[in-house]
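Structure below.
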């Protein structure tokens with residue numbers, strides 16, 4: 001009997017669904033089997049696992065993938081692109097020139113789109129917030145400190161070019177805080193003076209130098225000018241801000257850095273020099289001694305050094321002092337003395353005060 005037989009298929013008793021094929025008889029010493037279906041051990045579904053891993057991956061990076069031409073590229077591809085850019089530039093230049101005005105006294109030309117009533121309205125909101133902040137520290141109108149500030153202010157206002165009465169009447173508030181060497185005037189003619197700065201002033205002339213400087217900011221509408229500078233900055237700043245916050249999710253203080261250091265501080269220095277000039281002429285026209293302004297800033301510098309290089313007095317931190325401030329005041333001194341002579345001030349001397 002031949003060892004070879006026709007191929008037979010039979011079901012394996014241990015593996016369901018499998019068949020064994022043999023070309024030799026069961027009695028042959030040689031046998032070879034193979035399965036025609038997959039083994040019982042389950043195979044790993046690579047496709048499903050890979051798909052699952054794909055869904056579990058973070059996909060924030062997809063926002064950086066190029067999905068087609070951007071808005072600017074599509075705009076630049078237009079045949080009228082250069083005409084449109086030229087039209088926008090011409091319109092922007094026209095708006096800028098139309099909104100140029102002249103600062104009183106100094107004659108400086110600057111861009112300003114904020115009307116005086118808008119500035120006063122914003123100042124009113126700041127004024128109400130300041131009153132809430134220092135509630136309980138504001139001295140009565142009957143206190144000698146308040147009467148002193150009011151007396152000096154009443155002499156300065158007629159020579160400021162600002163209305164002394166009406167809807168924007170001047171209001172004085174003296175805050176009882178001997179540690180604060182500061183004073184400021186909020187748009188809308190609201191005056192705040194800390195008791196700490198009165199000792200630095202020493203005389204009414206010194207106080208006139210401080211108040212004249214602060215009033216000068218209102219005369220020149222420096223707050224409106226700073227807001228107008230932000231309007232000029234908006235077309236460049238807003239896309240940068242959106243891009244950085246959109247890409248990083250957080251601006252890391254870049255917004256404040258750009259506004260304060262790249263734009264606001266240079267303008268602030270120019271505004272401070274202008275306020276020094278206007279305030280000096282104002283106090284001289286009011287028959288105060290303009291030389292007191294020199295001594296005031298010298299005492300301010302001494303107070304800064306006495307703090308051992310730490311934080312400067314609040315008046316200097318909010319009114320940046322540069323190295324040539326006193327030199328500039330000396331240059332203006334002859335003009336200030338001329339203003340004093342024009343008003344027939346005569347030999348009016350400096351009056352000290354004791355509180």
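In the UniProt record's numbering, the protein residues as written are 1 to 355. All C-beta atoms in this analysis are idealised placements derived from N, C-alpha and C, irrespective of residue type, glycine included.
If we count the other Cβ atoms within 10 Å of its Cβ and call it buried at 16 or more, is residue i buried or exposed?
i           : result
residue 100 : exposed
residue 87  : exposed
residue 194 : buried
residue 230 : exposed
residue 327 : exposed
residue 181 : buried
residue 211 : buried
residue 76  : exposed
residue 189 : buried
residue 225 : buried
residue 34  : Low confidence applies here, because residue 34 scores a pLDDT of 44, under 50, leaving its location unreliable and the question unanswered by this model.
residue 282 : buried
residue 147 : exposed
residue 297 : buried
residue 289 : buried
residue 136 : exposed
residue 305 : exposed
Helix, strand or coil for residue i, going by three-state DSSP, please let me know.
i           : result
residue 80  : coil
residue 181 : coil
residue 142 : coil
residue 105 : coil
residue 221 : coil
residue 171 : strand
residue 100 : strand
residue 193 : strand
Look at the Cβ atom of residue i, then the Cβ atom of residue j, and state whether they are nearer than 8 Å.
i           : j           : result
residue 139 : residue 191 : no
residue 279 : residue 216 : yes
residue 227 : residue 114 : yes
residue 149 : residue 185 : no
Among the options, which has the Cα closest to the Cα of residue i?
i           : options               : result
residue 285 : 114, 197, 176 and 344 : 344
residue 198 : 156, 339, 269 and 299 : 299
residue 214 : 170, 202 and 75       : 170
residue 102 : 142, 187, 71 and 274  : 274
residue 292 : 331, 271 and 202      : 202
residue 94  : 303, 270, 232 and 301 : 232
residue 294 : 132, 205 and 128      : 205
Pairing CB atoms from the segment 110-119 with CB atoms from the segment 216-223, are three or more of them under 8 Å? yes
At a cut of 8 Å, does the segment 143-161 reach the segment 119-128 through at least three beta carbon pairs? no
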